Amino acid sequence: MSDDQPTNDPPTNDGQQFDRLPETADEREVEGRATRQEVVKWWDERFGIPPETFEGYSFWEKGKGKIWILYGEIASPIRVEALGMKFLRTRQEHWKPTTNAVQRFGRRASKNVVELTREQAQRFVRGETQELDWDGDWGYLVATHDLAGEQEPLGVGLFVHGELQSPVPKGRQREL
Amino acid sequence: METLERYEPLVEDFDAFREACGRSLPSVVRVNTIKATVERAKAALDDEGVGRTDREWSDAVLELDTDSPGSTWASFHGWIHGQEEVSAIPAEVLAPEPGERVWDACAAPGSKTTQIAALMDDEGLVVANDNNLGRLSALRFNTERLGVTNAVVTNRDARNFSLEPFDTDEQSSSSSATQSQNFEAFDRTLVDVPCSCEGTVRKNPTALDDWNLDHVKSVAGVQKGILRRAVQATKEGGTVVYSTCTFAPEENEAVLDHVLAEEDCRLVEFEIPLDSAPGITEWQDETYDESVRKAKRFYPHHNDTGGFFCAKLEVGE
Chain A
12 MSDDQPTNDP PTNDGQQFDR LPETADEREV EGRATRQEVV KWWDERFGIP
62 PETFEGYSFW EKGKGKIWIL YGEIASPIRV EALGMKFLRT RQEHWKPTTN
112 AVQRFGRRAS KNVVELTREQ AQRFVRGETQ ELDWDGDWGY LVATHDLAGE
162 QEPLGVGLFV HGELQSPVPK GRQREL
Chain B
670 METLERYEPL VEDFDAFREA CGRSLPSVVR VNTIKATVER AKAALDDEGV
720 GRTDREWSDA VLELDTDSPG STWASFHGWI HGQEEVSAIP AEVLAPEPGE
770 RVWDACAAPG SKTTQIAALM DDEGLVVAND NNLGRLSALR FNTERLGVTN
820 AVVTNRDARN FSLEPFDTDE QSSSSSATQS QNFEAFDRTL VDVPCSCEGT
870 VRKNPTALDD WNLDHVKSVA GVQKGILRRA VQATKEGGTV VYSTCTFAPE
920 ENEAVLDHVL AEEDCRLVEF EIPLDSAPGI TEWQDETYDE SVRKAKRFYP
970 HHNDTGGFFC AKLEVGE
C-alpha cells in the first residue's frame, strides 16, 4: 500500500508540516495536540498575559509539541521551513515558553515575574544558574531587568530549589 | 583592489572612490521598531555609555562608537541589529505597508526581511525565501531574535518559486474567526540577489580575491532569472525592488535591461536622501534601456558606506 492511501487510522502529528491548532478540545483530531484555547489560557494563568494579546495570531504545531505563533492566518497544513516564531513547548508536564516569545510578549506579564538586578541579569544572559530569593511559585518565570527606565523581559527562567536556571540558548547568551 | 580599476570610466572622483574602498566601515545599526521605539533604543544606548550619531535619511539608522554593537543590552533584547547603512536602503524603497503580502526572494541572513517586517508593524505576511539551506538557520535566528511573527521561511530556488502553499483554498472552515491570508500574487517583492559583492570590500578586504568575469556573467544569469520570476509573482501595479552590493554593470543595469525587455514592468523614480549616481546606459560595447538611469549607484565615497545598487520597478505597463 502506498503512503498516499487514506487509512482509517486517526491522524497523527507530522513533523514535516505545520498544522494549525484546533480551537477547542471538541475540534481536536490529533491526539495530544494542544488547543488554541489551552495555549492562550496557559499564558494567562501562568503570567497574567491577557488573552486578547493573542487576537489576530494563529498557533501551529510542527515537530511533536513545538508550538509556533504566526501573525494572521494561512491554509493548514503548510510545508515550509518556519512559520512566525517558536513560541511554546507542549506535550510535557510543564509547558515551556521560548526566550524569544517571552521577550516579544512578556511585557504584559503581571505574575510570576521576577525583577533581576543588573548583576543578576548579567549572570542570567551568560546562561548561568544562580541562587535567588523568591517566595513565589516554582517553575517558569518571566525574568526582567530595568532598561531605559522600565522593566524589560530578558527571557524565561526556571526557578527550582532556591535557584534560577537560565535556559537562554547558547546563540543568545552574552557577556555584558 | 585592481579589479575596481575597470570602473574608472564610470566613477566621478575615482581617487576618492579608491581611497574610500580602502577604509574600514563605520559601525552602523538599525533600531528594530518591533521591539522598541527609536527613543527607547537610544535611551538604552545612552545608559550604557555607547555614543551614537543619527543619520538624516532614516530615524532608525544609527552610527555607534563601538566596534561590537552586539555586546550591548539593546542588542540582547533585539532592539538594535547590526546592519550596514546601504543595506537599509532597499526595504525603505520597497516601502511595504502593514497587512500587505511581501516576498523577500533571497532573504538570508534576514537583515532586510526583519526591516520589512518592522516597516509593516509585524502585520501582514513576509515570505522570506532562500535557496541556501545552510543560510536558513541565520535567517530564522534573526527573525526570532528580532521578534518577527509575520514571516514564513521557505527554501526554494527563487527562479521557479511557487505560490502554491499560499494559494490554496482551505476546505475546513474551523478557523472562520480569523481572516485567511491566502493570495495569488505578492503586493511587493524585494530581489536582493546574490552577487559578486564588490561593494563589501570595506567590510571584507578579501571580497575581490576570487573575482573573475566568468563568475560575474554566471551570477548575472541567475539574477535575471530571479528578477523575472519576481515580476511574474507580483500583482499588477505592485512594486519590485532590485538591489545588489556590487558595481558591475553586468549584474546591475544589464539585468534590468534584460527583464524590461522580457517582462511586463517599468522602472520608476525614487527618492532617498543620500548621495548617489544614476544608473548607466553604456558599458564597454553594451547599451542599456534609457530608463535604467532611474536606478541609483551608491559609491563608498558618496556617503562613507559600502557600495550598493538599487532600482525600483512597477509591474505592468
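Sequences listed follow chains A and B, in order.
To get the numbering used here, take the position in the first sequence, counting from 1, and add 11.
To get the numbering used here, take the position in the second sequence, counting from 1, and add 669.
Backbone N, C-alpha and C fix where the C-beta goes; we use that ideal spot for every residue, glycine too.
Just so you know, these numbers come straight off a predicted model, no measurement behind them.
Please report how far the alpha carbon of residue i lies from the alpha carbon of residue j, in whole angstroms.
i          : j         : result
His746(B)  : Phe810(B) : 13 Å
Thr128(A)  : Arg724(B) : 34 Å
Ser887(B)  : Tyr82(A)  : 38 Å
Arg9(A)    : Leu943(B) : Past the boundaries of the shown model lies residue 9(A); chain A is included only from 12 to 187, so the question cannot be answered.
Asp861(B)  : Leu175(A) : 44 Å
Trp149(A)  : Glu104(A) : 14 Å
Asp15(A)   : Pro874(B) : Below a pLDDT of 50, predicted positions are generally treated as unreliable, and Asp15(A), at 49, falls in that range; the measurement from the model is reported next regardless. When rounded, the distance between both Cα atoms is 53 Å.
Leu788(B)  : Pro765(B) : 6 Å
Phe98(A)   : Gly117(A) : 12 Å
Leu187(A)  : Gln133(A) : 6 Å
Glu38(A)   : Ala786(B) : 32 Å
Asp790(B)  : Glu769(B) : 11 Å
Glu139(A)  : Ile758(B) : 39 Å
Lys820(B)  : Pro678(B) : Just to set this straight, residue 820(B) is Ala in the shown sequence, not Lys. If you take the alpha carbons of Ala820(B) and Pro678(B), they lie about 42 Å apart.
Val1070(B) : Asp926(B) : Since the first and last residues shown for chain B are 670 and 986, residue 1070(B) lies out of range.
Ser841(B)  : Gly976(B) : Because Ser841(B) sits at a pLDDT of 46, beneath the cut-off of 50, its placement in the model cannot be relied upon, and the point is left open.
Thr858(B)  : Val909(B) : 5 Å
Glu163(A)  : Ala980(B) : 39 Å
Using a Cβ-Cβ distance cut-off of 8 Å, determine whether residue i contacts chain A.
i         : result
His927(B) : no
Ala712(B) : yes
Asn851(B) : yes
Asp973(B) : no
Asp716(B) : yes
Pro765(B) : no
Pro834(B) : yes
Using a Cβ-Cβ cut-off of 8 Å, state whether residue i counts as contacting chain B.
i         : result
Arg185(A) : yes
Leu36(A)  : Note on identity: in this sequence residue 36(A) is Ala, with Leu being the wrong assignment. So no, Ala36(A) is outside the interface.
Arg44(A)  : no
Val91(A)  : yes
Glu139(A) : no
Glu163(A) : yes
Phe182(A) : Checking the displayed sequence, the identity of residue 182(A) turns out to be Gly instead of Phe. Taking Cβ atoms only, chain B reaches closer than 8 Å to Gly182(A), which makes this a yes.
I need the boundaries of the alpha helix (DSSP H) containing residue i, first residue and last residue.
i         : result
Asn111(A) : 110-116
Cys934(B) : Note, Cys934(B): premise wrong, no alpha helix (DSSP H); beta strand (DSSP E) at 934-937.
Glu878(B) : Glu is not the amino acid found at residue 878(B); the sequence shown has Asp there. Taken as a continuous stretch (DSSP letters only), Asp878(B) belongs to no alpha helix (DSSP H), as it is neither H nor E.
His969(B) : According to the sequence provided, residue 969(B) is Pro. The question's His does not apply to it. Residues 969-972.
Gln103(A) : Per DSSP, Gln103(A) belongs to no alpha helix (DSSP H) and is neither H nor E.
Gly803(B) : 802-814
Leu925(B) : 922-931
Val50(A)  : 47-58
Leu694(B) : That residue, Leu694(B), is in no alpha helix (DSSP H); it is neither H nor E in DSSP.
Trp742(B) : 742-745
Arg90(A)  : Per DSSP, Arg90(A) belongs to no alpha helix (DSSP H) and is neither H nor E.
Leu788(B) : 780-788
Could you work out which residues of chain A lie near residue i, taking near to mean beta carbons separated by less than 8 Å?
i         : result
Leu794(B) : Tyr82, Gly83, Ile85
Thr837(B) : Ala86
Pro874(B) : Per Cβ cutoff of 8 Å: no residues; Pro874(B) is ~27 Å from chain A at best.
Arg809(B) : Glu92, Ala93
Using a cut-off of 9 Å between C-beta atoms, extract the partners of residue i located in chain A.
i         : result
Trp952(B) : Those do not exist, as Trp952(B) stays about 38 Å from chain A at its closest Cβ, beyond 9 Å.
Phe855(B) : Here the premise fails: no neighbours, minimum Cβ distance about 14 Å.
Who are the neighbours of residue i on chain B, taking C-beta pairs under 8 Å?
i         : result
Val136(A) : Phe745
Following the continuous beta strand (DSSP E) through residue i, name the residue where it begins and the one where it ends.
i         : result
Gly77(A)  : Note on residue identity: the sequence assigns Lys, not Gly, to residue 77(A). Lys77(A) -> beta strand (DSSP E) spans 77-82.
Asp856(B) : 855-861
Ser727(B) : 727-733
Pro164(A) : 161-171
Cys979(B) : 977-984
Asp987(B) : The requested residue 987(B) does not occur in the structure, where chain B is confined to residues 670 to 986.
Ala154(A) : 150-158
Ile749(B) : 749-751
Arg709(B) : Taken as a continuous stretch (DSSP letters only), Arg709(B) belongs to no beta strand (DSSP E), being part of the alpha helix (DSSP H) at 707-716.
Give the residues of chain A in contact with residue i, contact being defined as C-beta atoms less than 7 Å apart.
i         : result
Leu805(B) : Glu92
Glu813(B) : Met96, Lys97, Asn111
Asp879(B) : Those within 7 Å of Asp879(B) in chain A number zero; the least Cβ separation is about 29 Å.
Arg709(B) : Ala159
Name the chain B residues that come within less than 7 Å of residue i, Cβ to Cβ?
i         : result
Leu152(A) : Chain B residues near Leu152(A): none, gap ~17 Å exceeds 7 Å.
Please list the partners that residue i has in chain B, where partner means a Cβ-to-Cβ separation under 9 Å.
i         : result
Gly168(A) : By Cβ distance, chain B contributes nothing, its closest Cβ being about 15 Å from Gly168(A), past 9 Å.
Chain-ordered residues of the region 816-829 of chain B with a beta carbon less than 9 Å from chain A: The region 816-829 of chain B vs chain A, Cβ under 9 Å: Gly816, Val817, Thr818, Asn819, Ala820, Val821, Val822, Thr823, Asn824.
Against chain B: residues of the region 101-123 of chain A by CB proximity under 7 Å: Within the region 101-123 of chain A, the qualifying residues are Asn111, Gln114, Arg115.
Within 8 Å of chain B by C-beta, residues of the region 52-71 of chain A in sequence order: Residues of the region 52-71 of chain A whose Cβ lies closer than 8 Å to any Cβ of chain B, in chain order: Gly67, Tyr68, Ser69.
Contact list for the region 724-744 of chain B against chain A, Cβ threshold 9 Å: Those would be Gly739, Ser740, Thr741, Trp742, Ala743, Ser744, in chain order.
The region 774-792 of chain B: positions lying closer than 8 Å to chain A by Cβ: Under the 8 Å Cβ criterion, the region 774-792 of chain B contributes Asp791, Glu792.
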